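S.K.: Sharing a structure, written as structure tokens. Questions coming.
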Amino acid sequence: MKQRRALTTIVGGVFFLIVIITAASYLTYSMNLFENFSENVFAVEQERENRKKESFDISKLTIENNKINLDVHNSGDIPVSFTRLWIENVTGVDQVYKFDLNSTVTTGNTAKDILQSLPFTALETEAYKMKLVTDRGTTKEFSVNASTAPLHLQLFALPEEVPTNFKSTILLAVTNNSTQNTIYTNIQPLLNIISLGAVAELEGPTPEPHPVLEKGETAIFEWVYRVSGDDDDKVRFEASILNGVPGNIVTKEVNVKVVEFAEESGISLVSSFLTTISSPQNILFFHKENFDALGERQMWSSVPEDNLGEIIDFNFTNAVFYTNTDGNVTVNIPDGNWNAVLRYISSPMPESLTHSGSTSETMTYHFEKDLDLPLDTTTNTVMTLATLGSRPVWNATGHQGSGAYEFSGNQFASIGVNDDNDLDTSPATTSGWFNANSSGPTSDQTIYYAETSNGNNSYKIFLNSSGYLVYLLDAGSASEIATCTSAVNYKDDSWHHFVALMPGDNDCQLYVDGNLADTDSNGGNGSIILSGNIYIGAIDGTGTDGFNGLIDDIIHWDDYALDESVEQEITDLFNTNYGVNSHLVDFDLRIVDKFGGDLGFSNKTISQTLSFPIKYASDFGEYITPINDIWGQVNFTAIMTEERVIDPGERLMINMTYAPKSIGNLNMKMIIDDTDVVSGLGSSFLQIPLPDVGLPGYATYDNSDIGTIGIFNPGPKDTWIKYQSRMIFTDEITGDPYAAFIISSNGTALGPNLDSPPMYVGATNLVEFDIPRQQPGNLSSPLIPEGRYGMYVFLDGFDAGGQVFLHTSFIGIVRVT
Amino acid sequence: MGKHTKRRALATVVSTGILLSAVAIMGSMLTAWSNSIFATEQNELNETYSNGVNKLNEFLVIENIWFGNNPSKFINLTMSNVGNNGLNVTRITLDNSVDKTDLLITNGGIIRNDVLSKEIAYNWTTTEPIQVTVITEKGALYQTYVMGP
Chain R
1 MKQRRALTTI VGGVFFLIVI ITAASYLTYS MNLFENFSEN VFAVEQEREN
51 RKKESFDISK LTIENNKINL DVHNSGDIPV SFTRLWIENV TGVDQVYKFD
101 LNSTVTTGNT AKDILQSLPF TALETEAYKM KLVTDRGTTK EFSVNASTAP
151 LHLQLFALPE EVPTNFKSTI LLAVTNNSTQ NTIYTNIQPL LNIISLGAVA
201 ELEGPTPEPH PVLEKGETAI FEWVYRVSGD DDDKVRFEAS ILNGVPGNIV
251 TKEVNVKVVE FAEESGISLV SSFLTTISSP QNILFFHKEN FDALGERQMW
301 SSVPEDNLGE IIDFNFTNAV FYTNTDGNVT VNIPDGNWNA VLRYISSPMP
351 ESLTHSGSTS ETMTYHFEKD LDLPLDTTTN TVMTLATLGS RPVWNATGHQ
401 GSGAYEFSGN QFASIGVNDD NDLDTSPATT SGWFNANSSG PTSDQTIYYA
451 ETSNGNNSYK IFLNSSGYLV YLLDAGSASE IATCTSAVNY KDDSWHHFVA
501 LMPGDNDCQL YVDGNLADTD SNGGNGSIIL SGNIYIGAID GTGTDGFNGL
551 IDDIIHWDDY ALDESVEQEI TDLFNTNYGV NSHLVDFDLR IVDKFGGDLG
601 FSNKTISQTL SFPIKYASDF GEYITPINDI WGQVNFTAIM TEERVIDPGE
651 RLMINMTYAP KSIGNLNMKM IIDDTDVVSG LGSSFLQIPL PDVGLPGYAT
701 YDNSDIGTIG IFNPGPKDTW IKYQSRMIFT DEITGDPYAA FIISSNGTAL
751 GPNLDSPPMY VGATNLVEFD IPRQQPGNLS SPLIPEGRYG MYVFLDGFDA
801 GGQVFLHTSF IGIVRVT
Chain Y
1001 MGKHTKRRAL ATVVSTGILL SAVAIMGSML TAWSNSIFAT EQNELNETYS
1051 NGVNKLNEFL VIENIWFGNN PSKFINLTMS NVGNNGLNVT RITLDNSVDK
1101 TDLLITNGGI IRNDVLSKEI AYNWTTTEPI QVTVITEKGA LYQTYVMGP
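Chains R and Y, in that order, are what the protein sequence lines are. All letters in the first sequence, in the order written, are residues 1 to 817 by our numbering. All letters in the second sequence, in the order written, are residues 1001 to 1149 by our numbering.
Right under this line is the structure:
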């Protein structure tokens, strides 16, 4: 029995073993499969992670010569391979094209012009929708030349109300509010101008197309228009996007609000106790007078009374202006635009580089305007552009967003030689900016060339055949030749700054982009005798060795070598911005207490803006002694969505503080209170939303005595006024009227048979008026009580041409005490 | 006594044989059963594994969709296979809540790194978003939404 059990146990055990082995095999197999599966999952997960890491941006898209210039930046963590491009012509019907690509971009790099070889003709006038596809299946869609859906457009006019002939800045903000992650490229704004009586003339450049607009981003396009017309004339601006969705248009109107200035009114007024007031209540002029203005200057709705303005040099002082205070008046100023208009001029170079005395011989050309005779802002020399095909082409946004001249190989400008550039004695310095075309020729390309009488000597700054910048001083003999050559090819379509120093007659130093590139010293004294002309862009009047590219900001010191080792003057010059960021000004605009103290409430603040950029403006004339009509204009605008209230006893203050840069600081000066600025049509002022009552001014009249005002005759003819002339006062609150006769002029009483003495052109007559009453001339009629009045003058007279005039001018808000 | 001893010996042999046979039969049956079970499970595991792995490695991208008008409205759908294996598109549906098109695809094979374009007649509108669904043979489902231009 025991044997049988043992045997069956063995047999059973064998079978059990078989089962166990089978089970173990299955288990092992399963585990292997599981391991394989895990590896697969891991591999697939890795691929998906890679897809997530894959990222690229469209960094540029333009269309030139029917070819698409597309730059793509790999902003992800792994290389990206582009396999396909889809192009759909949105302008046409059923025009869809698929192109296979084979372009790889490594991490952090940009692939340029990846579609140059594409057999596709792209037109600026047609709209395209494109999609790039990578080998991992990532796609990015973008719209070219168009918006495939309405974009969020906003149009701003700053300011919306301008005196005639003033500039208004038009800003178009285009926001990509696409819900489908669409990227818009090569966005070109369109601005249509419709005259509603007023005329708008473009001042400055037309904005360039915006290359790439990602979802959520906003592109800003800016135009500056000079608007002219009569009071209440308008011009409507309609903005849209080229090839955009029909109806995706935004409009804005700019109104002309005539500010009647002295010269315009035929007869105008200045006063010995009242300053003439004839501007609208929402225009507060900056005045030079500081009486009752807390030691600063007055700001009120009174036009400049004469051509004796004041120039505020920001290098030495802040520009602070206060309105007057009135303990009985509350002024409510609705929401809207607060716009400070500054008339200013920029220094031709950093103050530290401006010299006087024997080292003051300089010339500076910044090319801010396109003129046949580009202005030397030191007024020391005269440049003449060549004519016809030899004339360089002005580029409005050339360098740092302001003007430059473009040369195409045979264009040039010439400068007459005089003491300020004749190189008669060393040292000397010549500087400038250049941007050479990468496709330029392999021959010499001249930037600056000074002609000599014998044809052997030369003073030349040029790019040689290798694109290296060369500064050559050749005074004749071999020992009198100094050559400085850079080690870099500057034919690269980029802006570079050069400073060519001649410390001694036959020594040179060449700085490029603020760094010393080369020196050569011979120590000789062979001077270069100039004759004829200095040429910019070529070596002669036929365009020989012409430059290909842009040139800007040519400055020459004839008796001075910039000092880099001690004064860092070359670094300073290199970092000077002659473009849209020339100056930085802090604006503090708010309501303060009667002592100028901060009230501490946010609703008393209009704007506190730091480092507001102001564009270079100095190509209108000289800087040291500014003359008329040279002033640039900048608008600083604060947009308020809530009203502001000036309570009794409070003042409005604007404080403009120059924010000097640590290097490359360029000074600016502002003109205020001058009727001659731009033919008497503009000075610096603050324009505010129209208040319910006028802001307290600085004019007062004591009703216990007769009043005196001045009448200024700006011409063109001598005039007389008759005794019927009146002063009129209207109570600002009740509307009650009062009036008074003008009783004398320059001490001569007026009467029914006695007119005023002649009021000669350019002269001011002092006229007296009686105490205003309800009925002028009736001595029992009530006198004008204390209060705030709108004041007018009515003049009845005739001029030297025999013409009669009846003229009424609003003087403004006057306090009668 | 001797006769008894002989019968007992015979009985022992027979009973041992029977016992062994029984054990062998039961063992064989158990082994056969276990083999069968394990083989079935293994097949199912194989199938599940290969399906899973294939599905895992399948990756289709709806690369581009454009809307045509000529001669009548249609939608052109391009899919690309960016996975590691070939795949087979079997069905495409377009649904904009107004109009639904369910299209069975018979030649929808796409080898790795290749694309397949299908032009489907569809009355698309510019106001109703369209749900585009692509189903592969392995049951993977890819969806996107588009709107007429």
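For each residue, glycine too, the CB sits at the ideal point set by N, CA and C. As the structure is a computational prediction, the values presented were derived from the model and not from experiment.
I need the DSSP call for residue 1030 of chain Y, collapsed to helix, strand or coil.
M.R.: Of the three classes helix, strand and coil, the one that applies to residue 1030 of chain Y here is helix, per DSSP.
S.K.: Judging by CA-CA distance, which residue of R:175, R:78, R:18, R:95 is the nearest neighbour of residue 86 of chain R?
M.R.: Cα-wise, what sits closest to residue 86 of chain R is R:95.
S.K.: By the three-class DSSP mapping on this structure, what secondary structure does residue 53 of chain R have?
M.R.: Three-state result, residue 53 of chain R: helix.
S.K.: Exposed or buried, residue 1124 of chain Y, counting other C-beta atoms within 10 Å across all chains shown (16 or more means buried)?
M.R.: Per the 10 Å Cβ criterion, buried.
S.K.: At least one CB of chain Y closer than 8 angstroms to the CB of residue 131 of chain R: is that the case?
M.R.: Closer than 8 angstroms to some Cβ of chain Y, the Cβ of residue 131 of chain R qualifies, so yes.
S.K.: Tell me, please, whether the segment 185-205 of chain R touches the segment 234-249 of chain R by the rule of three or more beta-carbon pairs shorter than 8 angstroms.
M.R.: Touching, yes.
S.K.: For residue 493 of chain R, which residues from the same chain have a beta carbon less than 6 angstroms from its beta carbon, with the 5 sequence-adjacent residues on both sides left out?
M.R.: Contacts found: 438.
S.K.: Assuming residue 645 of chain R contacts residue 711 of chain R under a Cβ cut-off of 8 angstroms, what Cβ separation, rounded to an integer in Å, is found between them?
M.R.: Not a contact, Cβ separation roughly 37 angstroms.
S.K.: Could you tell me which uninterrupted alpha helix (DSSP H) segments, each at least 4 residues in length, are contained entirely in the segment 510-593 of chain R, listed from first to last along the chain?
M.R.: Runs of the alpha helix (DSSP H) inside the segment 510-593 of chain R: 569-574.
S.K.: So the candidates are R:413, R:158, R:84; which of them puts its Cα closest to the Cα of residue 166 of chain R?
M.R.: Looking at the Cα atoms, R:158 is the closest of the given residues.
S.K.: Quick check: is the beta carbon of residue 1052 of chain Y nearer than 8 angstroms to any beta carbon in chain R?
M.R.: Chain R contact via Cβ: present.
S.K.: Do we get a CB-CB distance below 8 angstroms when we pair residue 263 of chain R with the residues of chain Y?
M.R.: The predicted position of residue 263 of chain R is uncertain, since its pLDDT is 30 and thus under 50; no value can be drawn from it.
S.K.: What ranges does the alpha helix (DSSP H) occupy inside the segment 289-315 of chain R, keeping only unbroken runs of at least 4 residues that lie completely in it?
M.R.: List check, alpha helix (DSSP H) in window: nothing returned.
S.K.: Do residue 434 of chain R and residue 535 of chain R come within 8 angstroms of each other at the CB atom, strictly closer than that value?
M.R.: No; because the gap between Cβ atoms is not below 8 angstroms, this pair is not in contact.
S.K.: Can you list, in chain order, the residues of its chain with a C-beta nearer than 6 angstroms to that of residue 60 of chain R? Leave out the 5 residues immediately preceding and following it.
M.R.: The residues are 71, 211.
S.K.: Any idea what DSSP makes of residue 167 of chain R, helix, strand or coil?
M.R.: Strand at residue 167 of chain R.
S.K.: Taking the CB atoms as reference points, tell me whether residue 502 of chain R and residue 392 of chain R lie closer together than 8 angstroms.
M.R.: No; because the gap between Cβ atoms is not below 8 angstroms, this pair is not in contact.
S.K.: Rounding to the nearest angstrom, what Cα-Cα distance links residue 122 of chain R and residue 186 of chain R in this structure?
M.R.: Near 13 angstroms, if we compare the C-alpha coordinates of residue 186 of chain R and residue 122 of chain R.
S.K.: Using a Cβ-Cβ distance cut-off of 8 angstroms, determine whether residue 1063 of chain Y contacts chain R.
M.R.: Yes, its Cβ sits closer than 8 angstroms to a Cβ of chain R.
S.K.: Any C-beta of chain R within less than 8 angstroms: which residues of the segment 1069-1081 of chain Y qualify?
M.R.: Per Cβ criterion, the list reads 1069, 1070, 1076, 1078, 1080.
S.K.: Relative to the alpha-carbon of residue 800 of chain R, which residue among R:758, R:91, R:110 has its alpha-carbon at the smallest distance?
M.R.: Among R:758, R:91, R:110, the Cα nearest to that of residue 800 of chain R is on R:758.
S.K.: Per DSSP, what kind of secondary structure is residue 1016 of chain Y in: helix, strand or coil?
M.R.: In the structure shown, residue 1016 of chain Y sits in a helix (DSSP, three-state: H, G or I).
S.K.: Nearest by alpha-carbon distance to residue 252 of chain R: which of R:307, R:160, R:220, R:215 is it?
M.R.: Residue R:160 is the option with its Cα nearest to residue 252 of chain R.
S.K.: With DSSP run on the structure shown, which of helix, strand or coil describes residue 13 of chain R?
M.R.: DSSP places residue 13 of chain R in helix when its eight states are reduced to three.
S.K.: At what residues does the beta strand (DSSP E) containing residue 481 of chain R begin and finish?
M.R.: Segment 481-489, the beta strand (DSSP E) holding residue 481 of chain R.
S.K.: Between residue 671 of chain R and residue 309 of chain R, how many whole angstroms is the CB-CB distance? I'm expecting something under 8 angstroms.
M.R.: Contact flag correct, Cβ pair sits at about 5 angstroms.
S.K.: Identify which residue in R:401, R:256, R:246, R:224 has its Cα closest to the Cα of residue 234 of chain R.
M.R.: Looking at the Cα atoms, R:256 is the closest of the given residues.
S.K.: Under three-state DSSP, which class holds residue 273 of chain R?
M.R.: Unreliable placement is indicated for residue 273 of chain R, whose pLDDT of 31 sits below 50; the coordinate value is still reported in the next sentence. Residue 273 of chain R: coil per DSSP, three-state reduction.
S.K.: Hey, residue 618 of chain R and residue 368 of chain R are a contact pair by Cβ (cut 8 angstroms); roughly how many whole angstroms apart?
M.R.: The pair is a contact, with the Cβ atoms about 7 angstroms apart (cut-off 8 angstroms).
S.K.: Assuming residue 1130 of chain Y and residue 1095 of chain Y form a contact by the criterion Cβ under 8 angstroms, report the distance between their Cβ atoms to the nearest whole angstrom.
M.R.: Right, their Cβ atoms sit about 7 angstroms apart.
S.K.: Output the distance between the C-alpha atoms of residue 603 of chain R and residue 649 of chain R, rounded to the nearest integer angstrom.
M.R.: Going by the C-alpha atoms only, they are around 16 angstroms apart.
S.K.: Taking three-plus beta-carbon pairs below 8 angstroms as touching, is the segment 505-524 of chain R in contact with the segment 316-335 of chain R?
M.R.: Not touching, per the Cβ criterion.
S.K.: Nearest to residue 213 of chain R by alpha carbon, out of R:739, R:142, R:726?
M.R.: When each option's Cα is compared against that of residue 213 of chain R, the closest is R:142.
S.K.: If you compare alpha carbons, which of Y:1099, Y:1116, Y:1112 is closest to residue 1105 of chain Y?
M.R.: Minimum Cα distance to residue 1105 of chain Y is reached at Y:1116.
S.K.: Please name the residue in R:641, R:196, R:512 whose C-alpha comes closest to that of residue 488 of chain R.
M.R.: The candidate whose alpha carbon is nearest that of residue 488 of chain R is R:512.
S.K.: If you scan the segment 1046-1107 of chain Y from start to end, which runs of the beta strand (DSSP E) of 3 or more residues do you find wholly inside it?
M.R.: Whole beta strand (DSSP E) segments, 3+ residues: 1060-1068, 1074-1081, 1087-1095, 1100-1104.
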